[in-house]
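S.K.: Pasting a structure here, questions to come.
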Ligand SMILES: NC(=O)c1ccc[n+]([C@@H]2O[C@H](COP(=O)([O-])OP(=O)(O)OC[C@H]3O[C@@H](n4cnc5c(N)ncnc54)[C@H](O)[C@@H]3O)[C@@H](O)[C@H]2O)c1
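Numbering (the working numbering), first residue to last: 170 to 536.
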């Protein structure tokens, strides 16, 4: 029997590859996409991704309660992947109400729509959540005690002190530890707070309902298809565009901000597996490679794969409030609960990204 699946944000970077994977995979699915083709991501004259002819596309805003209700009524989804979101950490400070409307109220609209369709149709909602909810994340001090990193203050960073402060009593040096769901959440941006609210809303309203939530907290997802025109998210796409335009990269802080970059197809694989598994309501799983790399090192690798000389950058000491210093996933839960592990190496992923970005840039599309 066909599974009905609704994917919000299904025209985006991760969503469009998820749609392709589900259209080709087993069991056979009847797929509905709800997406407003946000101009920041898709440009002013957006083109739909090349979906299979069996995919049903609804152009609409997740913040519009009536549209969400009619999309859910039409799709009668057994499974929902909720990806539609405003995604820029820096932008979220300037557009607080929009981030709340789309990310928080949009999720509320989805939940209310699921509750009003007749019968217990929906069995599972999988959320594209974010490691941003951890803020500065966990640190182990020299005595082996674990602390949650405190927000970094602009005053300290302007003195080029980029280290993450810990509560009184912690003994330095301290080392960053990989994040997992046992760690305290401490969102340090408006975007992160709205992503955490999405988790809370789904977990609270799903309790005792006919459906369960599965929360996948992604690290930095990268790969072909991540908008080259969106200046607010996707650091490797932003770097690719700047390098192809012949610009020098401005590397913030001392170049040692670290991220866990996970290739988009690996993330899609985790989403597909999460949709198939029966898991307790509210199960929260971190998705990354489990390896952190500094922004400077990843920028140099990208220069290599783009064929750009290795001196196209300067480490400026500039910083952004809310940027976190170190992020890396503990992927044990993903291995245990989903039977998932990342398969694409940084070398392969970055060369695929570089080839795609060059083709897009040379053809002028996607800019
Ligand atoms: N890419 C990452 O590194 C990353 C990391 C952590 C979490 N996530 C989460 O994964 C999800 C997908 O991210 P992505 O990287 O594919 O982003 P994306 O911007 O490429 O895709 C988001 C899609 O949602 C659509 N959208 C935006 N606002 C909408 C609205 N109001 N109504 C309907 N559709 C709307 C956009 O048109 C776009 O197609 C997001 O929820 C994001 O928070 C992404």
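We put the CB at the ideal spot given by N, CA and C, even for glycine. Fair warning: this is a prediction, and the values are worked out from it, not measured in the lab.
Quick one: which unbroken beta strand (DSSP E) runs of 3-plus residues sit fully inside the stretch 249-303? Chain order, please.
M.R.: The stretch 249-303 contains these whole beta strand (DSSP E) runs: 293-299.
S.K.: Does the beta carbon of residue 495 fall short of 7 Å from some heavy atom of ligand 1?
M.R.: Every heavy atom of ligand 1 is 7 Å or more from the Cβ of residue 495, so no.
S.K.: Mind checking which residues open and close the beta strand (DSSP E) that includes residue 345?
M.R.: 344-346
S.K.: Report the rounded CA-to-CA distance for residue 435 versus residue 205, giving the unit in angstroms.
M.R.: Going from the Cα of residue 435 to the Cα of residue 205 covers about 25 Å.
S.K.: From residue 521 to residue 338, what distance separates their C-alpha atoms?
M.R.: Rounded to the nearest angstrom, the gap between the Cα atoms of residue 521 and residue 338 is 46 Å.
S.K.: Pairing CB atoms from the stretch 370-378 with CB atoms from the stretch 449-457, are three or more of them under 8 Å?
M.R.: yes
S.K.: Put residue 485 into one of helix, strand or coil per three-state DSSP.
M.R.: coil
S.K.: Given that a residue counts as buried once 16 or more other Cβ atoms are within 10 Å of its Cβ, and exposed if not, what is residue 323?
M.R.: exposed
S.K.: Using a 10 Å radius around the Cβ and a threshold of 16 neighbouring Cβ atoms, would you call residue 208 buried or exposed?
M.R.: It counts as exposed.
S.K.: With a floor of 4 residues, list each alpha helix (DSSP H) that falls wholly inside the stretch 416-442, ordered by position along the chain.
M.R.: Those alpha helix (DSSP H) runs which fall completely within the stretch 416-442 and span 4+ residues do not exist here.
S.K.: Given 8 Å as the limit, is there contact between the stretch 406-419 and the stretch 457-471, that is, 3 or more CB pairs closer than that?
M.R.: yes
S.K.: Could you tell me which residues DSSP puts in a beta bridge with residue 226?
M.R.: DSSP output for residue 226 lists 202 as bridge partner(s).
S.K.: For residue 367, does the count of other Cβ atoms within 10 angstroms reach 16, so buried, or fall short, so exposed?
M.R.: buried
S.K.: Answer yes or no: the CB of residue 390 versus the heavy atoms of ligand 1, is any distance below 7 Å?
M.R.: True, at least one ligand heavy atom lies under 7 Å from that Cβ.
S.K.: Please give the ranges of any alpha helix (DSSP H) in the stretch 489-520, keeping only runs that are unbroken, at least 4 residues long and fully inside the region.
M.R.: none
S.K.: Is it right to say residue 218 is buried, meaning 16 or more other beta carbons lie within 10 angstroms of its own, or is it exposed?
M.R.: buried
S.K.: Output the distance between the C-alpha atoms of residue 293 and residue 477, rounded to the nearest integer angstrom.
M.R.: Going from the Cα of residue 293 to the Cα of residue 477 covers about 45 Å.
S.K.: I'd like to know whether the C-beta atoms of residue 291 and residue 247 end up nearer to each other than 8 Å.
M.R.: yes
S.K.: In this structure, does DSSP put residue 524 in helix, strand or coil?
M.R.: Correct three-state label for residue 524: helix.
S.K.: Just to confirm my understanding: we take residue 187, look at its own chain, exclude 5 residues before and 5 after, and list those with CB closer than 8 Å. What are they?
M.R.: 176, 179, 250, 252, 437, 440 and 441
S.K.: Could you say if the stretch 490-509 and the stretch 346-355 meet the contact criterion of at least three C-beta pairs nearer than 8 Å?
M.R.: yes
S.K.: Is it buried or exposed, residue 149, if we count other Cβ atoms within 10 angstroms and call 16 or more buried?
M.R.: This structure gives no information on residue 149, because the portion of the chain shown stretches from 170 to 536.
S.K.: Starting from the C-beta of residue 359, find all residues in its chain whose C-beta is less than 7 Å away, skip the five residues before and the five after it, and write them out in chain order.
M.R.: 261, 262, 265 and 268
S.K.: Return yes when at least one heavy atom of ligand 1 lies under 7 Å from the C-beta of residue 177, else no.
M.R.: yes
S.K.: Following a CB-centred definition, is residue 275 positioned closer than 7 Å to any heavy atom of ligand 1?
M.R.: Flag set: Cβ of residue 275 near ligand 1.
S.K.: With distances taken between CB atoms, is the gap from residue 398 to residue 275 smaller than 8 Å?
M.R.: no
S.K.: Where in the stretch 374-414 do unbroken runs of the beta strand (DSSP E), each at least 3 residues long, occur, reported from the N-terminal end onward?
M.R.: 381-387 and 389-391
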